[in-house]
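J.: Residue numbers (this note's numbering), protein chains in the order written: chain A, 1 to 182; chain B, 1001 to 1182.
Idealized CB from N, CA, C, for every residue including glycine.
Have a look at the structure that comes next, please.
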DNA sequence: ACACAACTGTTGAATAATAAACAGTTGTAT
DNA sequence: ATACAACTGTTTATTATTCAACAGTTGTGT
């Protein structure tokens, strides 16, 4: 992509997020965003359809960042690791205030779905055709586990992170081991 | 000036100064500057003739900043004030490492002349036609004082700021008062 | 002496951002 | 009710930056 587009999108999104920290979405005007980003107002419309599209792109970029930060741990080993869980908790922790802002505007569901899907990808997949003793690792169990993990993530986040990322990861990992899934 | 030109010049100069901190002028290539500034190499040539022109513009911008920071104290009262002296010392202190780099490349003389001239502007001017008792405030005395002040500034800077801006300002101001110039 | 890599400064075509306008909308105060 | 100010989203011509290529230079090692 053209360097100018990259830069424009970046500074506009940064300015917008900065404003989101200061006031709620509906109180933010395109004029303000343009002023804060120090770009022409038209430039915003060249890159984003409107304020809500801009918000979507910010969320997407934010989620991409989470995935990217965890992808070494997740993708290299082609399965869920303790490390990737820890990184996810740490990501949620370090972006807490910003994510709260996003969830106010857009709800938790988008993020939850993304994280759930990513966990599904990370869990080991086994054919349904395998023996019945492996039923625990079937599609159903994958969904079961992904939901469980996502649920813990959500609970931890929504309750303002009642314990450290390290502690919650330890506990969750122990549960997974006890269920003989990993 | 067009917003894009402003931005380009700013980020190119900042990147260049950043590189000047890391290595000497002759070891810095236009490629590196472009890379650090995250602009196309051609953009540098659209804004600056070459590396040396870029250096000149950086110095000019830096000096403009000094003047601007002191101009309230200097220009509003149309004469030299203790405050403007203090601000000058503080400016030299806070930009010490960067100014050292500049002086390595370009020498002290440019800066000295600018500061000298600015002090001349700040000193009160009296007609040569006034009574002989006012000879102390003639053109000669103006040059005398400006050189003295500039000399102290230079000594203080070249000797790596042997005392605080506040202390050197106090001492210099006392000298000026004892000479009944202010 | 030669090759080779990195650099300089320039070009032209494509693309993006800017400035300045515009009509239409919304919210607010009088 | 109405005027007013601020906003939205779009359009136009203009200007700046980008990208890719170019020939020519400089410095380095073999």
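Measure from the C-beta of residue 1137/B to each C-beta in chain A and report whether the shortest distance is under 8 Å.
T.: Note on residue 1137/B: pLDDT 47, under 50, position unreliable in the model; no value is reported.
J.: From 106/A, 102/A and 145/A, pick the residue whose C-alpha is nearest to that of residue 122/A; which is it?
T.: Of the candidates 106/A, 102/A and 145/A, the one whose C-alpha sits nearest the C-alpha of residue 122/A is 145/A.
J.: Counting only C-beta atoms, is residue 3/A closer than 8 Å to chain B at any point?
T.: It does: the Cβ of residue 3/A has a partner Cβ on chain B nearer than 8 Å.
J.: What does the Cβ neighbour count give for residue 1058/B, buried or exposed, with the cut at 16 atoms within 10 Å?
T.: Residue 1058/B comes out buried.
J.: Checking 8 Å against the spacing of the C-beta atoms, do residue 1002/B and residue 1086/B come in under that value?
T.: Contact: no.
J.: Could you name the residues of the same chain whose beta carbon sits closer than 8 Å to that of residue 1047/B, not counting the 5 residues immediately before and after it, in chain order?
T.: So the list reads 1005, 1008, 1009 and 1012, once near-sequence residues are dropped.
J.: Take residue 21/A and list the residues in its own chain whose beta-carbon comes closer than 7 Å to its own, dropping the five residues that flank it on each side.
T.: Answer for residue 21/A: 101, listed in chain order.
J.: Could you tell me how far apart the beta carbons of residue 25/A and residue 55/A are, in whole angstroms, since I believe they sit closer than 8 Å?
T.: With a Cβ gap of about 7 Å, residue 25/A and residue 55/A count as contacting.
J.: Would you please verify whether the beta carbon of residue 1047/B is less than 8 Å from any beta carbon of chain A?
T.: Not an interface residue.
J.: What residues in its chain sit with their C-beta under 7 Å from that of residue 112/A, if we drop five residues either side in the sequence?
T.: Excluding positions up to five away in sequence, the list reads 150 and 154.
J.: Measuring only the C-alpha atoms, how far is residue 1036/B from residue 1043/B?
T.: Between residue 1036/B and residue 1043/B, the C-alpha separation is close to 13 Å.
J.: Which residues in the same chain have their Cβ closer than 8 Å to the Cβ of residue 135/A, if we skip the five residues on either side of it in sequence?
T.: Residue placement at residue 135/A is poorly supported in this model, since its pLDDT is 48, which falls under 50; the coordinates are not used for a value here.
J.: So, does the CB of residue 38/A fall closer than 8 Å to a CB anywhere in chain B?
T.: With 8 Å as the cut-off, residue 38/A counts as an interface residue toward chain B.
J.: If we call anything under 8 Å between Cβ atoms a contact, is residue 1169/B one with residue 1089/B?
T.: Result yes, Cβ atoms of residue 1169/B and residue 1089/B sit closer than 8 Å.
J.: By Cβ distance, which residues of its chain are closer than 8 Å to residue 1120/B, with the 5 residues on each side in sequence left out?
T.: For residue 1120/B, where only same-chain residues beyond five positions count, the Cβ hits under 8 Å are 1142, 1143 and 1146.
J.: Which of helix, strand or coil does DSSP assign to residue 50/A?
T.: Coil.
J.: In terms of residue numbering, what span does the alpha helix (DSSP H) encompassing residue 1116/B cover?
T.: Unbroken alpha helix (DSSP H) run through residue 1116/B: 1109–1122.
J.: Could you check which residue in 33/A, 27/A and 29/A has the C-alpha nearest to that of residue 14/A?
T.: The residue with the shortest Cα to Cα distance from residue 14/A is 33/A.
J.: What would DSSP say about residue 85/A, mapped onto helix, strand or coil?
T.: Helix, per DSSP.
J.: What three-state label does DSSP hand residue 80/A in the structure shown?
T.: Coil, per DSSP.
J.: Determine the closest residue to residue 1164/B out of 1023/B, 1031/B, 1094/B and 1068/B, with distance taken between C-alpha atoms.
T.: That would be 1094/B, whose Cα lies nearest to the Cα of residue 1164/B.
J.: Within the same chain, show all residues whose beta-carbon is closer than 7 Å to that of residue 16/A, passing over the 5 residues directly before and after it, in chain order.
T.: 33, 54 and 58.
J.: Consult DSSP for residue 39/A and reduce its assignment to one of helix, strand or coil.
T.: Note: residue 39/A maps to coil in three-state DSSP.
J.: Ignore the nearest five residues each way along the sequence and tell me which others in residue 1097/B's own chain have a CB closer than 8 Å to its CB.
T.: So the qualifying residues of the chain are 1021.
J.: Could you give the DSSP three-state label for residue 23/A: helix, strand or coil?
T.: DSSP places residue 23/A in coil when its eight states are reduced to three.
J.: Along the alpha helix (DSSP H) that carries residue 1179/B, what are the first and last residues, could you check?
T.: Where residue 1179/B is concerned, there is no enclosing alpha helix (DSSP H), given that its DSSP letter is neither H nor E.
J.: Residue 91/A: which of 67/A, 114/A, 118/A and 106/A sits nearest, CA to CA?
T.: Checked all of 67/A, 114/A, 118/A and 106/A; the closest Cα to residue 91/A is 67/A.
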